[in-house]
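Participant: Sequence order for the protein chains is C and D. When the first sequence is numbered by my numbering, its final residue is 1493 and no position is left out of the sequence of numbers. When the second sequence is numbered by my numbering, its final residue is 401 and no position is left out of the sequence of numbers. Got a structure for you, written out below as structure tokens; questions coming shortly.
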Amino acid sequence: MRVDEFRQGLRNWLDHHDLTPPPDDSLDAQVAQLNRVRGALWAAGWMRYGWPPRVGGLGGSGALRAVLGEEVASRSLAEPGIWSMVEVLVPTVVDYAPPTLAAELVPRLLAGREQWCQGFSEPGSGSDLASLSTRAVPDGDAWVVSGQKVWTSLAQYAARCVLLARTGGPGHAGISAFLVDMDHPGITVRPLRTMHGVDEFAEVFFDDVRVPAHRMLGGPGDGWQLAMDLLPHERSTCFWHRIAHLYATLDRLLADGCEADADALGAAWLDLHTVRCRSASTQRSLAAGGRLGPETSVDKILLATAEQRLFDTARDLLPGAVELAEDAAWRTGYLYSRAASIYGGTAEIQRNIVARRLLGLGKE
Amino acid sequence: MDTAERDLLEEALRKTMTAAATGASLDTALADLGWTQMLAEAPDTAVPLVFRLLGETGTQAAVLNDVVLRAAGRPVGGTLPLPYAGGTWVVWARDGATEASALDPLLPLRRVGTGEAVPLAAGRRALGWWLLGTGHAMLDLAREHVLERHQFGRPLASFQALRHRLAEAHVALEGAEAALGATDDDTGALLAKAAAGRAALTTARHCQQALGGIGFTAEHPLHRHVKRALVLDGLLGSTRELTREAGALLLRERRTRRLVDL
């Protein structure tokens, strides 16, 4: 299906199917709404485009998923962060899991019947992910996993976890990936309290958890490559969703009667326009068969900068909306935007990549 | 124009511009290369190519006149008053004998009392490409410098503070280039010129710092690009003015235009 045809059909469908979220901004309600929207879009077919037929999809380019997420974000039907998680989880499982496993499990996630989570970061391994120390030791027809993960979004709701663990020696080559059922004995989830008041992230503890051998994604040592393969998805479709959400946020700022500061509003728009143009160009090269590499750090820096400027502008032009208003929307959004230069690779790591890989400045 | 033809043209243009031709003699050289015909028949290729190369090579020609004249439906080859920041007007002379602008002595700009409104989108787009090229010229100079110069027994390029500044400049230039690819309408051209002006000024600031003392001397070429960026930024609306205009449009329409789609 062509992208514009898809967009038009989808808009028309959404105009006639009310998926407005309930006036409850608790995380439980957000997750329930996410499942509701996914379920409806899966049943109507929209959620299947851009995914391969072997996991229940209807095929077509990833741009269709970008457009779907854009419409969902523009209409504020689901929280964009948790909406976009499928973009990093599904391609991983489609590419690395045994085909029957992927065919069985992926439709449950896409149809909103399950949540999944991603167990990558650890207390001792944030920016330096390759130093992770969660271990998986072979034992008969299983791997026994021990260690701790952190910043695991939606772990408390998740049925499965895409987990990175060390099966070999130190460094990239010793890392393997698994698709772990979260109801195994030995898994403990503890939600983190965050500064923006939405306990979306959790710590996950693995105490001698037996994971069947056929749940390894790829082969031993393929974990780092799997993690790297996520990046093009995160930095194309996911970013497009986030940008759509930020445009909707700027519209909301105008609708909420902000101060008429043309300089500040223009600067916020200029940032959004710039990152939207950049992301569109990145996705065009991906669609043309290009491989995405270090140049997506530019997209990441532009996006984090645009998001933080937008919420800084909102705080300036709606005085008190962040600090005093009863309605938590601006407060939550403002506080969450502080993390935009931290998650997904910090602003500093991105600049290191630009300097080393794009400008050829050699080692530090 | 296909890719091979475009590459050949770029090669020819670059050669002409680096053969020390600038000003009126470059105008003549561009005319010999078929500038007028290019502008008429393939402006979407010719304008980005010519203006970006003016920036990269640090040369100048009066071709902005032609872009604006053509957009106004007037014959090319002459001059016309062009709006400058602060509600002032300038003329970009073609005779090579005019006094130079105060800041960038190589640009034959002079103030005039007033002018008449002309369509600005095409000119803003052209200037955006020029500013982008100027930005890349500065970044190349800074990059070369930090790789070559050693202090404390190691190259400047190994210091993270400088690496991050140059990374910042690169990101700004890449963002501006993306915006310059979305200039089908007036608003797109306005935002693209603002993005390019901002990127050039950001790049000027970081590169000037990375070059240290040598970048402040007139012996090093950086200063010419810095001055050019400052002057071009003011032409047909400065970054600050264009950003404000974009904000005023938001306040009027109460909805943010999505100018590009997948």
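Ideal Cβ placement from N, Cα and C applies to all residues, glycine included. Since we're looking at a predicted model, the values are computed, not measured.
Looking at the secondary structure, which residues open and close the beta strand (DSSP E) in which residue 1278(C) lies?
Facilitator: Residue 1278(C) -> beta strand (DSSP E) spans 1271–1282.
Participant: Starting from the Cα of residue 1483(C), find the closest Cα among 266(D), 350(D), 306(D) and give me that residue.
Facilitator: Of the listed residues, the one whose Cα sits closest to residue 1483(C) is 306(D).
Participant: Could you check whether the Cβ of residue 1338(C) sits closer than 9 Å to any Cβ belonging to chain D?
Facilitator: Chain D, which has no Cβ nearer than 9 Å to the Cβ of residue 1338(C), makes this no.
Participant: At the level of alpha carbons, what is the spacing between residue 1322(C) and residue 1451(C)?
Facilitator: Using only the alpha carbons, I get a separation of about 19 Å.
Participant: Measure the alpha-carbon distance for residue 1195(C) versus residue 245(D) and round it to whole angstroms.
Facilitator: For residue 1195(C) and residue 245(D), the distance between alpha carbons rounds to 48 Å.
Participant: Examine the Cβ distances between the stretch 1182–1201 of chain C and the stretch 1362–1374 of chain C and report whether three or more of them are shorter than 8 Å.
Facilitator: Because the criterion of three Cβ pairs below 8 Å is met, the stretch 1182–1201 of chain C and the stretch 1362–1374 of chain C touch.
Participant: Going along the stretch 313–324 of chain D in order, which residues come within less than 9 Å of chain C, judged by CB to CB distance?
Facilitator: Answer in chain order: 313, 314, 315, 316, 317, 318, 319, 320, 321.
Participant: In chain order, what residues of the same chain lie with their CB nearer than 7 Å to the CB of residue 182(D), ignoring the 5 residues before and after it?
Facilitator: There are no such residues.
Participant: Going by DSSP, what residue range makes up the alpha helix (DSSP H) through residue 299(D)?
Facilitator: Looking at the DSSP string, the run of the alpha helix (DSSP H) that includes residue 299(D) is 299–319.
Participant: Does the pairing of the stretch 328–348 of chain D with the stretch 257–277 of chain D give three or more beta-carbon distances under 8 Å?
Facilitator: Counting Cβ pairs under 8 Å, three or more are found: they touch.
Participant: What span of residues does the beta strand (DSSP E) with residue 1426(C) cover, start to end?
Facilitator: That residue, residue 1426(C), is in no beta strand (DSSP E); its alpha helix (DSSP H) goes 1425–1446.
Participant: Within 10 angstroms of the Cβ of residue 1149(C), are there 16 or more other Cβ atoms? Answer buried if so, exposed if not.
Facilitator: With fewer than 16 Cβ atoms within 10 Å of its Cβ, residue 1149(C) is classed as exposed.
Participant: When you compare the CB positions of residue 1258(C) and residue 1356(C), do they come within less than 9 Å of one another, or not?
Facilitator: A contact, by the Cβ cut-off of 9 Å.
Participant: Which residue wins for smallest C-alpha separation from residue 1254(C), given the options 1277(C), 1466(C), 1235(C), 1267(C)?
Facilitator: Checking every option, the nearest Cα to that of residue 1254(C) belongs to 1277(C).
Participant: Thinking just about the alpha-carbon of each residue, which of 1145(C), 1248(C), 1160(C) is nearest to the one in residue 1151(C)?
Facilitator: The option with the nearest alpha carbon to residue 1151(C) is 1160(C).
Participant: State the Cα-Cα distance for the pair residue 1422(C) and residue 1316(C), rounded to the nearest angstrom.
Facilitator: When rounded, the distance between both Cα atoms is 35 Å.
Participant: Quick check: what's the CA-CA separation for residue 190(D) versus residue 1382(C)?
Facilitator: If I take the Cα positions, the gap works out to 37 Å.
Participant: Mind checking which residues open and close the alpha helix (DSSP H) that includes residue 1203(C)?
Facilitator: Residues 1192–1203.
Participant: Quick one: which chain D residues come within Cβ less than 8 Å of residue 1379(C)?
Facilitator: In chain order: 389, 395.
Participant: In chain order, which continuous runs of the alpha helix (DSSP H) of length 4 or greater are located wholly inside the stretch 248–308 of chain D?
Facilitator: With a minimum length of 4 residues, the continuous alpha helix (DSSP H) runs that stay inside the stretch 248–308 of chain D are 260–287.
Participant: If you count every other CB in all the chains shown that lies within 10 Å of the CB of residue 1324(C), and 16 or more means buried, which is it?
Facilitator: Classification of residue 1324(C): exposed, given that the 10 Å Cβ count is below 16.
Participant: I want to verify the contact list: residues of chain D whose CB lies under 7 Å from the CB of residue 1385(C), in sequence order.
Facilitator: Near residue 1385(C) there are no residues of chain D at all, since even the closest Cβ is about 11 Å away, more than 7 Å.
Participant: With DSSP as the reference, label residue 1188(C) as helix, strand or coil.
Facilitator: Strand, per DSSP.
Participant: Confirm, please, whether the CB-CB distance from residue 319(D) to residue 335(D) is below 9 Å.
Facilitator: A contact, by the Cβ cut-off of 9 Å.
Participant: Using a Cβ-Cβ cutoff of less than 7 Å, which residues in the same chain neighbour residue 1169(C) once the five nearest sequence positions on both sides are dropped?
Facilitator: Cβ neighbours of residue 1169(C) beyond the five flanking positions: 1146, 1148.
Participant: Under 9 Å, CB to CB, which of the residues in the stretch 1400–1417 of chain C have a partner in chain D?
Facilitator: So the close ones are 1400, 1401, 1402, 1403, 1404, 1405, 1406, 1407, 1408, 1409, 1410, 1411, 1412, 1413, 1416.
Participant: Three-state secondary structure (DSSP) at residue 400(D)?
Facilitator: In this structure, residue 400(D) counts as coil in the three-state DSSP scheme.
Participant: Does the structure place the stretch 1341–1352 of chain C close enough to the stretch 1223–1243 of chain C that three or more beta carbon pairs sit under 8 Å?
Facilitator: As far as the Cβ criterion goes, the stretch 1223–1243 of chain C touches the stretch 1341–1352 of chain C, which means the pair count is three or higher.
Participant: Please list the partners that residue 161(D) has in chain C, where partner means a Cβ-to-Cβ separation under 9 Å.
Facilitator: Near residue 161(D) there are no residues of chain C at all, since even the closest Cβ is about 28 Å away, more than 9 Å.
Participant: Go ahead and pull the three-state DSSP assignment for residue 374(D).
Facilitator: In the structure shown, residue 374(D) sits in a strand (DSSP, three-state: E or B).
Participant: For residue 1141(C), count neighbouring C-beta atoms within 10 Å of its own C-beta (all shown protein chains included) and say buried if the count is 16 or more, exposed if not.
Facilitator: By the neighbour-count rule (16 or more Cβ atoms within 10 Å), residue 1141(C) is not buried but exposed.
Participant: Using the C-alpha atoms, what's the distance from residue 1379(C) back to residue 1438(C)?
Facilitator: Rounded to the nearest angstrom, the two C-alpha atoms are 11 Å apart.
Participant: Would you decide whether residue 291(D) is buried or exposed? Buried here means 16 or more other CB atoms lie within 10 Å of its CB.
Facilitator: Residue 291(D) is exposed by the Cβ-count criterion.
Participant: Along the chain, which unbroken stretches of the alpha helix (DSSP H) at least 4 residues long are found entirely within the stretch 201–227 of chain D?
Facilitator: The qualifying runs are 202–210.
Participant: Using a C-beta cutoff of 9 Å, does residue 298(D) count as contacting chain C?
Facilitator: For residue 298(D), the answer is yes, since a Cβ of chain C falls inside 9 Å of its Cβ.
Participant: Measure from the C-beta of residue 400(D) to each C-beta in chain C and report whether the shortest distance is under 9 Å.
Facilitator: Residue 400(D) counts as touching chain C.
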